[in-house]
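S.K.: Everything in the sequence shown is counted per UniProt numbering, starting at 580 for the first residue and increasing by one.
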Amino acid sequence: EAKDAGRNTFRFFNQKIHDDSVARMEIERELRGALDRGELQVHFQPLVAARDGRLVGAEALLRWTHPVLGRVPPDRFIPIAEQSGLIVSIGSWVLDQACGHAACWREACGGDFVIAVNVSPRQFATPGLVDTIRACVERHAIPRNQLEIEVTEGLLIRNPGEVREAMLALEAIGVTVALDDFGTGYSSLSYLRAFPFHTIKIDRSFIRDLSDDAEDCALVVAAIRMARALGLRVVAEGVETEVQSRFLAHQESDVLQGYLFGPPIPPEDFVADWVHNPSRRAFSS
Ligand code: C2E
Ligand code: MG
Ligand code: MG
Ligand code: MG
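1. Which one or two residues does DSSP pair with F761 in a beta bridge?
2. Residues in its own chain within less than 8 Å of V814 by CB, not counting five upstream and five downstream?
3. When you compare the segment 706–720 with the segment 740–760, are there three or more beta-carbon pairs, one atom per stretch, that lie closer than 8 Å?
4. Would you say A757 faces chain D, with C-beta separation under 8 Å as the test?
5. Does the pairing of the segment 677–697 with the segment 629–649 give three or more beta-carbon distances under 8 Å?
6. For the alpha helix (DSSP H) containing V673, name the first residue and the last one.
7. The alpha helix (DSSP H) that contains E794, what's its start and end?
8. Hey, which residues come within less than 5 Å of ligand 2, measuring from Cβ to any heavy atom, in chain order?
9. In angstroms, rounded to a whole number, what distance separates the CA positions of P846 and V621?
10. Look up T755 in the DSSP assignment and give the residues it is bridged to.
11. For N738, does the three-state DSSP call read helix, strand or coil?
12. Quick one: Cα of Q624 to Cα of L640, how far?
13. Could you give the DSSP three-state label for V818: helix, strand or coil?
14. With T705 as the anchor, note down where its beta strand (DSSP E) starts and where it stops.
15. Look at the alpha carbon of residue 530 and the alpha carbon of Q725, and state the distance between them as a whole number of angstroms.
16. Can you tell me which of L708, P700, E717 puts its alpha carbon nearest to the alpha carbon of P739?
17. With a threshold of 16 other CB atoms inside 10 Å of the CB of N697, please say whether the residue is buried or exposed.
18. Contact check, E686 vs L648 under 8 Å by CB: the rounded distance?
19. Using only the alpha-carbon positions, how far apart do Y765 and M805 sit?
20. Under the assumption that S790 contacts T763 (Cβ atoms under 8 Å), give the Cβ distance between them as a whole number of angstroms.
21. Which of the three DSSP states is assigned to G636 in this structure?
22. With distance defined between alpha-carbon atoms, name the residue in E638, A628, Q662 nearest to I606.
23. Hey, out of I669, M746, C796, whose CA is closest to R616's CA?
24. How is the alpha helix (DSSP H) around I844 delimited, first residue to last?
25. Determine the DSSP secondary structure at L626, reduced to helix, strand or coil.
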């Protein structure tokens, strides 16, 4: 009987691995046509100044609604898009959408409004990335310093030389680069010295327990101090409570992002809630 149980467990795991890879293949197959079928949408989440709650930008976040699979979360399909190479065409489309909307919002949102776009490692390593970005910014006639590219530490490990070149080329045309999910990798400190980052985004896993975890508080304070000393802008992501918000503002984080201020929403809603509401403050200081 015990032997049977063991065999069943084995079969169960085998089945699970099989199901996972079938699901992955299904997602990859469906994702291939998603863009053409109009199933992808870019949502926008507000970025607000920690000092006074004023809108200072938005992060573009990809959404996929499949007729049968429903809403597929980015954490599920982005890695598959990355591995299959589909991220290159999808990513260019996101960039184009984001810059297009930013161009429309520019006047209402003011000169310091920044649109942030995530670029995956595979996409970043594509030859001609800098040209693609430059062309996109020019096509939509937005000032180059209105676009920020968000990358994760994973990018920096593979081809540090080429990545650094590309980042310098972006810097030269005025497009800034942010280090996303800061603190979740292995050697963030050396990366900050070696690559020309403009911004760090402190990962939301450090923000979550700020109110009752003294170690997380210490780490966040240290990260902000360090970024300050290096002349980097600090964005805190995943801000959900007033307590977190006040703590981060007090510690002189520059920008806050999180459900407390607003979730990612479709562009029409972003226009209604934020762009057409220039006097809106996420909070009164
Ligand atoms: P990310 O770039 O770190 O984006 C922030 C994530 O945190 C988003 O998840 C956002 O919805 C979520 N978030 C924001 N505020 C809060 C909060 O207060 N609480 C909680 N619990 N979560 C919050 P989302 O949209 O599911 O995206 C997940 C990841 O997928 C992104 O993480 C990014 O790595 C990737 N991604 C999304 N869109 C794109 C894209 O267009 N291109 C690429 N390459 N990656 C993308
Ligand atoms: Mg991001
Ligand atoms: Mg992040
Ligand atoms: Mg993330």
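Even for Gly, the Cβ is constructed at its ideal location relative to N, Cα and C. Owing to the predicted nature of the structure, the values given are computational and were not obtained by experimental measurement.
M.R.: According to the data block:
1. I781
2. L626, A757, T778, I779, K780, I781, S832, D833, V834, L835, Q836
3. yes
4. Within the model displayed, chain D is absent; a lone protein chain is all it includes.
5. These segments touch.
6. 666–688
7. 793–808
8. N697, E729, D759
9. 7 Å
10. In the DSSP assignment, T755 forms a beta bridge with E727.
11. coil
12. Annotation: Q624 to L640 spans about 8 Å, alpha carbon to alpha carbon.
13. coil
14. It is not in any beta strand (DSSP E) - T705 carries neither H nor E in the DSSP assignment.
15. Examination of residue 530 is not possible in this model, given that the chain is present from 580 through 864 alone.
16. P700
17. Buried, since its Cβ has 16 or more Cβ neighbours within 10 Å.
18. Rounded, the Cβ-Cβ distance is 39 Å, inconsistent with contact.
19. Using only the alpha carbons, I get a separation of about 16 Å.
20. The pair is not a contact, with the Cβ atoms about 20 Å apart (cut-off 8 Å).
21. strand
22. Q662
23. I669
24. Element bounds for I844: n/a, residue is neither H nor E.
25. strand
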